[in-house]
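For the sequence shown, my numbering gives the first residue as 40, with consecutive numbering after it. No residue lacks a Cβ here, since even glycine has one placed at the ideal position from N, Cα and C. First the structure, in the form of structure tokens, and then the observations on it.
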Amino acid sequence: MEDSVKADHVAPFDPLSLADHHAAERRLAEVRGRCPVSQPHPRMHFVAAHQDVERILLDTTTFSARSNFRLDPVNGAEGARPSGSLPTLDPPDHANVRRRLREWFAPRTLRLLEPRVRELAAAAVLELPVGVDFDLVPTSKRMATRVVYALIGAPQEDWVQLQAWSDVLHKYLPAPLQGTPEYIAMMNRLGEVLEEYRAGLRAADDTVVSGLAAAVEAGDLAPADALTHIWQLIQAGTETTISLITNLVHALLSRHRQWQLLLDRPELVGAAIEESLRRDAPLQYVMRTPHHATDVSGCPVEYDEQVVVGLQSANWDESVWGPDALEFDIERDHPTGHVAFGKGPHACLGAPLARIEAQAFIRELLSRRSEIRLATGYVHELANELMVRRPERLLLHIPG
Ligand code: HEM
């Protein structure tokens, strides 16, 4: 009897374990099949099934976002208070801030930014060395950060310094960044730019800093909140896009037929991007905490406990994508419906921009560097990160 209990027991998926993270494909399939809501730590629940993930993301009445992005096994969500940044706000504050920020992601604004994104993508591809092995991660990082700096309106002469600060900041994660010298330096510089727009020393334009400076001048927004929003866009838009680009390039080059298919039919680029987002979700989880005791698929969740919403697991759910859910197939019948950009009121504001960036980069690669391949002997290893899924390094080669 004892043995059969042990044999049936499924240890819950632990989002805090890198061992689980690296073996995620096998572990999550097991968890989805046998215990789709599990409790890896006291006061922490992991949700693996697509239908539960969607339901939680859509239900802001029951589930708060105030502890979002705090993977904290000890304290759960207790004490977490909104930081004022969009992904941690609940209604009605959330809708007010989102309304303010969404104009920079409207089709009209993005059409104005798109030529700049294409320029940055072309420059990134032209810079790739020929005849030697190179790592695509730093290249994609340079491009993704520059696109975000262009969007927010950070002066171009500051880009290298901003990137240097943000590289150091990334190394501190998941520890809090506020209070570190690099965070303070970055906020000071962005604060100066905001003040320059306010004082009319920089002409008003379509950028985020310019728009937020106008709101501050009109008495509609506190300067500190403007900086919170700017910082949040930098954070939200860089590591995620680096992951999308490197995961996508890896998936295509490690499956020669898929790369050849794209060369023959470049109109499939959009489908390839969606399939990459589904197959390798850049952001593995988001977090929610219930406003009151509730349940997820019959499993009780108490007030203020932490719910880790498994985006990647939902994207691999066989009940939605079929038995080949783990395959990367750019001709998949229904590549959309994934939750890589979330769902509901908090769904990614920057999704159209991320898609434009990935399209621009892959199209440049297809047209200028079609002979690109994985470096000989390259071994695919995931970066040592809990929340973000991407290769640690992506070693490539363009024959000379
Ligand atoms: C492939 C790239 C990206 C991925 C996979 C991604 C993923 C996500 C996800 C999953 C969420 C939902 C969070 C939640 O429900 O708690 C989110 C929210 C958000 N993303 Fe992205 N993101 C990407 C790129 C970007 C870019 C380029 C920007 C802007 C420059 C951006 C800005 C935001 C913002 C502002 C939110 C908060 C929305 C809200 O809470 O209302 N993201 N993102």
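- Our two residues, Pro81 and Asp53, have alpha carbons roughly 12 Å apart in a direct line.
- Sequence-distant partners of Lys382 (beyond 5 residues in either direction) whose C-beta falls short of 7 Å from its own C-beta, in its chain, are Glu93, Leu96, Leu97.
- Per DSSP, the beta bridge partners of Ser103 are Thr328.
- Around the beta carbon of Glu306, fewer than 16 other beta carbons sit within 10 angstroms, so the residue counts as exposed.
- Note on geometry: alpha-carbon atoms of Glu234 and His295 lie some 51 Å from one another.
- Val335 sits in a strand when the DSSP states are folded into three classes.
- Thr328 and Phe173 have their C-alpha atoms roughly 42 Å apart.
- Around Leu216, the same chain offers Leu208, Tyr222 as residues with beta carbons nearer than 6 Å, after the five sequence neighbours per side are excluded.
- For the pair Gln200 and Thr184, the Cα-to-Cα distance works out to about 12 Å.
- Distance from the CA of Tyr188 to the CA of Ser336, rounded to the nearest whole angstrom, comes to 42 Å.
- Proximity to Asn354 across Cys338, Glu64, Pro177, Leu291 peaks at Glu64, based on C-alpha coordinates.
- Per DSSP, Phe400 is one residue of the alpha helix (DSSP H) stretching across 390-407.
- Secondary structure of Ser77 (DSSP, three-state): strand.
- Across the structure, Arg371 and Phe380 are spaced so that their CA atoms are roughly 19 Å apart.
- Inter-residue distance for Ile191 and Arg73 is about 45 Å (C-alpha atoms, whole angstroms).
- Residue pairing by DSSP places His436 opposite Asp172, Arg412 in a beta bridge.
- His385 has its CB nearer than 7 Å to a heavy atom of ligand 1.
- Scanning the stretch 169-231 for uninterrupted alpha helix (DSSP H) segments of 4 residues or longer gives 175-191, 198-211, listed from N- to C-terminal end.
- Counting along the chain, no beta strand (DSSP E) covers His61; the unbroken alpha helix (DSSP H) around it starts and ends at 57-61.
- Ranked by Cα distance from Ala104, the options Arg139, Pro126, Trp198 are led by Pro126.
- Spanning the alpha carbons of Phe144 and Asp132 requires a straight line of approximately 19 Å.
- Using a C-beta cut-off of 8 Å, the stretch 337-349 makes no contact with the stretch 425-433, since fewer than three inter-stretch Cβ pairs fall below that distance.
- Distance check between Trp270 and each of Gln78, Gly230, Gln299, Val169 places Gly230 closest, using alpha-carbon atoms only.
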